[in-house]
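Some notes on the structure that comes next.
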Amino acid sequence: MTTTEHILYQELLKAFVNIENLAGKAWEHACIIDFLNKEPLKDCSIHCFHYQQMLECFLKHILETKSELGFYSKSHELNRLLEQVISVTSFRTDKSKYRGDLNGITVCASEYRYNFEINCKAYFEMVAACDDLLYELIAYEKTQEPNVSIITAATAS
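The numbers in the numbering used here rise by one with no breaks, and the one at position 146 of the sequence shown is 153.
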């Protein structure tokens with residue numbers, strides 16, 4: 008697999024190393040992506056699967072920790088999850104900037120499950136766009152306090 012310069016995803020998500028929550032799962036997928044980026048894979052569908060899972064886990068982490076109710080849907084559709092994050096948290100972004108790429112990565116990941124090969128050049132263009140969203144989400148996660156009512160309820164049980 009040859010692409011332009013790769014970012015180190017596990018470095019981006021290092022605040023969640025081995026943490027037992029959805030952000031920790033996102034970090035685990037980040038580790039796998041970083042490993043795959045070093046390998047000369049012809050088919051990038053496994054990369055797509057783990058990239059989609061990383062984003063899904065991180066979006067759900069934000070929904071779980073920053074929304075008033077503290078829960079997330081069962082959806083695997085990245086675009087739908089981003090819309091939920093925007094509607095129930097204070098996170099704001101231009102979702103139209105990411106809509107097509109998030110849908111493309113969601114479809115690509117489901118194709119991996121059915122063993123279809125994907126267009127790697129187009130896929131990595133989608134990743135480059137979605138990396139911008141990942142940076143925005145990480146910055147939001149760092150600056151926004153967790154929902155206190157969720158923490159209070161969790162510690163009361």
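By construction, the Cβ of each residue, glycine as well, lies at the ideal position given by its N, Cα and C atoms. Just so it is clear, the structure is predicted and the values come from calculations on it, not from any experiment.
Excluding the 5 residues flanking residue i on each side, which residues of the same chain have their C-beta closer than 6 Å to its C-beta?
i           : result
residue 140 : 105
residue 157 : With a pLDDT of 49 at residue 157, under the threshold of 50, the predicted position of this residue should be treated as unreliable, though the coordinate-derived value follows. Around residue 157: 77.
Among residues of its own chain, excluding the 5 on either side of residue i, which ones have a beta-carbon nearer than 7 Å to its beta-carbon?
i           : result
residue 134 : 58
residue 60  : 36
residue 34  : 17, 20, 23 and 24
residue 136 : 105 and 108
Are residue i and residue j touching if we call contact CB-CB under 9 Å?
i           : j           : result
residue 30  : residue 78  : no
residue 154 : residue 74  : yes
residue 52  : residue 123 : yes
residue 50  : residue 15  : no
Among the candidates the options, whose CA atom is the shortest distance from the CA of residue i?
i           : options        : result
residue 54  : 20, 25 and 39  : 39
residue 112 : 87, 15 and 19  : 87
residue 147 : 84, 96 and 42  : 96
residue 101 : 144, 47 and 63 : 144
residue 110 : 27, 32 and 85  : 85
Can you tell me whether residue i sits near the ligand ADP, meaning its C-beta is under 8 Å from at least one heavy atom of the ligand?
i           : result
residue 106 : Because no ligand of any kind appears in the structure shown, any question about the ligand ADP cannot be addressed here.
Given residue i, which residues of its chain have a CB within under 8 Å of its CB, disregarding the five upstream and five downstream residues?
i           : result
residue 162 : Model confidence at residue 162 stands at a pLDDT of 46, short of 50, so the residue's coordinates are unreliable and nothing is read from them.
Inset, instruction - Could you say if the stretch 88–97 and the stretch 65–72 meet the contact criterion of at least three C-beta pairs nearer than 8 Å? - result: yes
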